[in-house]
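Note that my numbering gives residue 213 to position 134 of the sequence shown, counting from 1, and the numbers run on in steps of one. Yeah, the Cβ is synthetic: ideal placement off N, Cα and C, and Gly gets one too. Being a predicted model, the structure only gives us computed values, none of them experimental. Here's the structure, in structure tokens; my notes come after.
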Amino acid sequence: MIGAIAVAVIGLAGYVFWDPGRGTIEWHKKKYLKAFERLSRTSDEDNIKVMEKHLSSLMERGYVQTARVSLTNTLAWDAIRAAYSGTNADECFGPYSAAYNFVFVDPDGDYGVTIVAPTSRLRIVEAAIRQADVPEPR
């Protein structure tokens, strides 16, 4: 019994203090989020550079991808607003701030949207933006 408790305590401590290996996807995510949290307290140019560096590394490793959606019926800001308030917004952007989930959606001119998102979410976010571009049936 004491051995089982000791193993559980050691396992829990290992999990709590685990530091992902330098250069791994998890390491870059952790460093990005630390810089993001510092940025929310103070706008520091160095934090922005750190965030950009780690986001770029996540792109290089294939965790995050970029897509551009061209719109024909809706302005970019309207499509973005519709996607953020749509029925599958949590699936697209996550339950917390989109930045915590590595999802970024920005207008690219009046009729374009650039999406940066994890590979697992990119097509979902892209579909939500495209859906916002479809006119409502009359």
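Contiguous alpha helix (DSSP H) elements confined to the region 144-196 occur at 155-164, 168-172, taking only those with 4 or more residues. Comparing alpha-carbon positions, the option among Leu118, Ser136, Ser119 lying closest to Arg101 turns out to be Ser136. Taking Ala146 as reference, the option from Phe183, Ala168, Glu170, Ile104 with the minimal CA-CA separation is Phe183. Collapsing the DSSP output to three states places Asp123 in coil.
A Cβ-Cβ contact shorter than 8 Å links Ala207 with Asn167.
Ile159 sits buried, since 16 or more C-beta atoms from the chains shown fall within 10 Å of its C-beta.
Per DSSP, the unbroken alpha helix (DSSP H) holding Val204 starts and ends at 198-212. Residue state for Arg140 is assigned as coil, using DSSP reduced to three classes. The Cβ-Cβ distance between Ile194 and Arg140 does not fall below 8 Å. A Cβ-Cβ contact shorter than 8 Å links Lys110 with Val129.
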